[in-house]
Amino acid sequence: MSSEDKRFWEAWGQANSLYGFWAASNNINYYTLFVLYALDGQQPVTQKQVCACTGLSKQTVNSVIRSLKNQGYLALSPAAGDRREKQVGLTEKGLAYSQELLAPLHALEERVFELMGEDRVRQMVDAVTLFNTIFEKEMKRRNG
């Protein structure tokens with residue numbers, strides 16, 4: 380592994396660890412945090428879209444969605460066009476819970492972005508987006 384590979388993985392791992400620590404300190408499961416984040420302001424979405432947005436497996440997303448549904452935070456309905464696919468939407472109770480939970484996280488992220496400066500934030504997002512685009516193309520090229 381090159382030193383750049385190592386630095387990338389350390390930075391990626393530290394970011395994931397920080398979000399995991401934030402979730403734990405707010406008494407929420409790490410995966411639940413990401414599912415709620417994916418649903419934040421994007422209702423309704425399919426479980427498949429939640430998987431794509433979060434990078435979580437279908438089984439993990441399904442488990443989190445089932446738990447949130449049982450707590451009264453989510454409602455499921457058949458997706459338009461494909462009745463086998465389910466659309467996921469926050470209930471009023473779920474919207475209030477999500478907003479209460481995510482508002483401090485959004486404020487923290489906004490403060491970090493403010494301290495970093497607009498140019499660095501844009502560079503960071505552009506660099507990660509470029510990495511993801513090239514990585515995906517290279518995976519497809521190698522896997523035929």
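In the working numbering, the protein residues as written are 380 to 523. Idealized CB from N, CA, C, for every residue including glycine.
Closest in alpha carbon position to T411, among V491, P423, A390, Y452, is Y452. Shown here, L397 sits in a helix according to DSSP, grouped into three states. If the five residues before and after C432 are omitted, its C-beta is found closer than 7 Å to the C-beta atoms of A417, all from its own chain and listed in chain order.
Counting only runs of 3 or more residues that sit fully inside the stretch 422 to 461, the beta strand (DSSP E) segments are 453 to 458, in chain order. Looking at the backbone, the Cα of R462 and that of K519 are separated by about 30 Å.
Around P423, the same chain offers S456, Q466, V467, G468 as residues with beta carbons nearer than 8 Å, after the five sequence neighbours per side are excluded. Rounded to the nearest angstrom, the gap between the Cα atoms of N405 and E464 is 31 Å.
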